[in-house]
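K.L.:
Written out as structure tokens, the structure reads:
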């Protein structure tokens, strides 16, 4: 049921890490669909596989030890797992942008912003062989190419809200604040005019006030550029503020996938319900915050059937043996839980 | 803090360093048992001759006076005189130091020319065949003692194949190129005398190769480790994620980070090689500082010993200063201060 409007479709993705301690089944059948223009939040606890899902799309899972054993990642209908290394590099350059958690370590400390932004502009939009290096700068054609790239870089800086881009472009990353560095990284990610921006915990390392600014920037870029965003976070507040849809992951699987309002109002999966109860709000009195009993499972020897069953209050016999398929409640609200098997 | 101020300060700091160094060497060489004057005067010398020699060289003065006059001489270019050969130390150093410098520089050139690419290949193909091959070869060469390798090379390259001379710095029947820098290869090139360049290079090759092997292994290993560390940086993943070609990431971003560690090891190795040149110079009968130092030490000829120590001290310090400046050029976050 691949629709033409699907931008990204992850089907039954299985990922294992083969280490000396055994085989960790990190992803065990991830299903995810994004349409063009979607802002999808991917939430879950540390270690649930959300970042691995994000890294699998550009093909950046370290292999070895990682092995994708099953599944497909379809981007505009093409399976990314079938592409060669060079094809993937071109795909990442032209279609994909990605930003990460810590803006202090994601920029090279030894080059100016100019150098890094120009590289982002040139290599994402030109064939690598035709990019003129810095040492060829005296050739008139090469100089013109680099000047154009620099002009584009300053435009990008303005787009992501860095004032005085034409002056600050000469500075080094350590002369920028954390929030400004994250903006530079967003500018680099956008230099190739991507269709999809993957943001892996983009605000986790930032101050709360800066977090809000970056989220607002991402929201405005979605509107301005028609960008689709896959936002990975463990912060439900960030999801509520930014996303249209949300997918909840637990122990290597997506367990619930719904529009944001629907999920916050009518959480269906027992894990999602527990997760929402664990969020402090102004109505919760001190000491009354609930957690989910038990701990996240070991991925080398994961529970059979539904991976949440050992911690679930509504556990049934079928949960211990059968992996729950997706059950649809309302339009677009999918729950991977046997409790909803009878729902028409 | 700007570079000029920093340089000036570092150079001024050389002075107390050299005073400490000379004080130590001076004391040690004077209190050691032995009779350099007797050795210099010869077995048949009378006490009067020896006494005259002692006065001539100022050895009848109290030690502090001797030391102060030595330091004063150092600054005015009079580095003393050999008791044994009566030659001026400064003149000897002017001949021997460029020889050793040339040998060491050439060895460093070989070590980095082979070691850095090998280390990079090793890191890129981590744990795969090329990595294993490089590591085995590096281990192989570092495990052989230099004196043994030297003789093997002499016998194969020099005697059996006849490609390279087995010793000396230049063809003994010819005059070396006239001195400009004292480095024969450089002088020959500056005078556009290519046949002289060829002769000097062929004499230089085997000893420099032997000398480079110890450094080669560490340069390879440090390069491998530094490149691996740099490849693991977050910005490498970010650049890959947005589609910068791997070749560009490697040559532009990874190597520049790795060069901090590589320069450190090259500077350290430069010091080691200069000191280690003694062995190679002896085997190849290469007239350098090492050979000069050994001969002077055996005769307890303290003026040359002092001169060599001071020169080594200056060279080491200058290499260190150059390294610190290179750090700042590679990484703009490093401030001179």
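Chains as they are written, first to last, in the working numbering: chain A, 8 to 351; chain B, 2 to 338. Where is the CB? At the ideal position from N, CA and C, for every residue including glycine. Note that the structure is predicted; figures quoted are calculated from it, not measured.
#1: Going along the chain, which unbroken runs of the beta strand (DSSP E) with 3 or more residues stay wholly within the stretch 202-290 of chain A?
#2: Go to residue 93 (chain A), then tell me how far its alpha helix (DSSP H) extends in each direction, as first and last residue.
#3: May I ask you to report which of helix, strand or coil DSSP gives residue 177 (chain A)?
#4: Is any beta-carbon of chain B found at less than 7 Å from that of residue 115 (chain A)?
#5: To which residues of the same chain is residue 230 (chain A) closer than 7 Å at the C-beta, ignoring the five residues directly before and after it?
#6: In chain order, which beta strand (DSSP E) runs of at least 3 residues are fully inside the stretch 199-280 of chain B?
#7: For residue 169 (chain B), list the residues DSSP reports as bridge partners.
#8: Please list the residues of the stretch 121-149 of chain B that have a C-beta atom closer than 8 Å to any C-beta atom in chain A, keeping them in chain order.
#9: Could you give the residue range of the alpha helix (DSSP H) that holds residue 96 (chain B)?
#10: Which residues share a DSSP beta bridge with residue 186 (chain B)?
#11: Mind checking whether residue 312 (chain A) and residue 56 (chain A) have CB atoms under 7 Å apart?
#12: Would you tell me roughly how many angstroms separate the C-alpha atoms of residue 35 (chain B) and residue 24 (chain B), rounded to the nearest one?
#13: With 7 Å as the threshold, decide whether the Cβ of residue 65 (chain A) is near any Cβ in chain B.
#14: Under 8 Å, with one C-beta from each stretch per pair, do the stretch 304-311 of chain B and the stretch 86-101 of chain B reach the 3-pair mark?
#15: Is there at least one Cβ from chain B nearer than 7 Å to residue 107 (chain A)'s Cβ?
#16: Using alpha carbons as the reference points, say which of B:265, B:232, B:154 lies closest to residue 113 (chain A).
#17: Could you work out which residues of chain A lie near residue 1 (chain B), taking near to mean beta carbons separated by less than 7 Å?
#18: What three-state label does DSSP hand residue 9 (chain A) in the structure shown?
#19: Taking the Cβ atom as the reference point for each residue, do residue 186 (chain A) and residue 217 (chain A) lie within a distance shorter than 7 Å?
#20: At a CB-CB cut-off below 9 Å, which residues of chain B make contact with residue 96 (chain A)?
#21: May I ask you to list, following chain order, the residues of the stretch 176-196 of chain A that have a beta carbon less than 8 Å from some beta carbon of chain B?
#22: Report the CB separation of residue 30 (chain B) from residue 303 (chain B) in whole angstroms; it is logged as a contact under 8 Å.
#23: Apart from the five residues just before and just after residue 296 (chain A), which ones in its own chain have a Cβ nearer than 7 Å to its Cβ?
#24: Please decide whether residue 233 (chain B) counts as near chain A, where near means a Cβ-Cβ distance under 7 Å.
#25: DSSP on residue 297 (chain A), reduced to helix/strand/coil?
#26: Taking residue 198 (chain A) as the reference, which of A:318, A:100, A:265, A:108 has the closest Cα?
#27: With three or more beta-carbon pairs closer than 8 Å as the criterion, would you say the stretch 47-62 of chain B touches the stretch 143-154 of chain B?
#28: Is residue 336 (chain B) close to chain A? Criterion is C-beta to C-beta, closer than 7 Å.
#29: Could you confirm whether any beta carbon from chain B is found closer than 7 Å to the beta carbon of residue 112 (chain A)?
#30: If you follow the alpha helix (DSSP H) that residue 338 (chain A) is in, where does it begin and where does it stop?
#31: Under a Cβ-count criterion, where at least 16 other Cβ atoms within 10 Å of its own Cβ denotes burial, should residue 94 (chain A) be classed as buried or exposed?
#32: To the nearest whole angstrom, what separates the beta carbons of residue 307 (chain A) and residue 30 (chain A), a pair I think is in contact under 8 Å?
#33: Listing by chain order, which chain A residues have their CB less than 7 Å from the CB of residue 332 (chain B)?
#34: Considering only C-alpha positions, which residue in the set B:67, B:73, B:83, B:13 is nearest to residue 293 (chain B)?
#35: Quick one: residues in its chain with C-beta nearer than 7 Å to the C-beta of residue 211 (chain B), no 5 flanking neighbours on either side, listed in chain order?
#36: Between the Cα of residue 98 (chain A) and those of B:333, B:287, B:332, B:243, spot the shortest distance and give me the residue it belongs to.
P.N.:
Well, looking at it:
#1: Taking only runs of at least 3 residues, the beta strand (DSSP E) segments lying wholly in the stretch 202-290 of chain A are 203-207, 235-240, 252-257, 260-266.
#2: For residue 93 (chain A), the enclosing alpha helix (DSSP H) begins and ends at 92-102.
#3: The answer is coil: DSSP assigns residue 177 (chain A) none of H, G, I, E or B.
#4: For residue 115 (chain A), the answer is yes, since a Cβ of chain B falls inside 7 Å of its Cβ.
#5: Counting only Cβ-Cβ distances below 7 Å, and skipping sequence neighbours, we find nothing.
#6: Complete beta strand (DSSP E) runs here, min 3: none at all.
#7: DSSP, once it has assigned bridges, lists no residue as partnering residue 169 (chain B).
#8: Listed by position along the chain: nothing, the set is empty.
#9: Residue 96 (chain B) -> alpha helix (DSSP H) spans 90-125.
#10: The partner list for residue 186 (chain B) (beta bridge, DSSP) is empty, contrary to what the question assumes.
#11: With contacts defined by Cβ atoms closer than 7 Å, residue 312 (chain A) and residue 56 (chain A) do not form a contacting pair.
#12: Cα to Cα, residue 35 (chain B) sits roughly 20 Å from residue 24 (chain B).
#13: Closer than 7 Å to the CB of residue 65 (chain A) there is at least one CB belonging to chain B.
#14: They touch, by the three-pair rule.
#15: It does: the Cβ of residue 107 (chain A) has a partner Cβ on chain B nearer than 7 Å.
#16: Measuring from the Cα of residue 113 (chain A), the nearest candidate turns out to be B:232.
#17: Outside the displayed span of chain B (2 to 338) sits residue 1 (chain B), for which this structure offers no information.
#18: Low confidence applies to residue 9 (chain A): its pLDDT is 48, below 50, so where it sits in the model is not reliable enough to give any reading.
#19: Going by C-beta atoms, residue 186 (chain A) is nearer than 7 Å to residue 217 (chain A).
#20: For residue 96 (chain A), the residues of chain B that pass the 9 Å Cβ criterion are 241, 244, 245, 246, 247, in the order they occur in the chain.
#21: For the stretch 176-196 of chain A, the beta-carbon criterion of a distance under 8 Å to any beta-carbon of chain B is satisfied by 179, 181, 192, 195, 196.
#22: Rounded, the Cβ-Cβ distance is 4 Å, consistent with contact.
#23: Apart from sequence neighbours up to five positions away, the residues of its chain that approach residue 296 (chain A) with a beta-carbon distance below 7 Å are 285, 287, ordered along the chain.
#24: Not a single C-beta of chain A is nearer than 7 Å to the C-beta of residue 233 (chain B).
#25: Taken through DSSP and simplified to helix, strand or coil, residue 297 (chain A) comes out as coil.
#26: The candidate whose alpha carbon is nearest that of residue 198 (chain A) is A:100.
#27: No, because fewer than three Cβ pairs between the stretch 47-62 of chain B and the stretch 143-154 of chain B fall closer than 8 Å, the two stretches do not touch.
#28: Output row for residue 336 (chain B): interface = no.
#29: Yes, contact with chain B.
#30: That residue, residue 338 (chain A), is in no alpha helix (DSSP H); it is neither H nor E in DSSP.
#31: So residue 94 (chain A) ends up on the exposed side.
#32: Residue 307 (chain A) to residue 30 (chain A), Cβ: 7 Å. Contact.
#33: Neighbours of residue 332 (chain B) in chain A, taken as residues at a C-beta separation under 7 Å, are given in chain order as 116, 117.
#34: Across the set B:67, B:73, B:83, B:13, the C-alpha of B:83 shows the shortest separation from the C-alpha of residue 293 (chain B).
#35: If we look at residue 211 (chain B) and ignore the five residues flanking it on each side, its Cβ neighbours are 147, 150, 151, 154, 281.
#36: The option with the nearest alpha carbon to residue 98 (chain A) is B:243.
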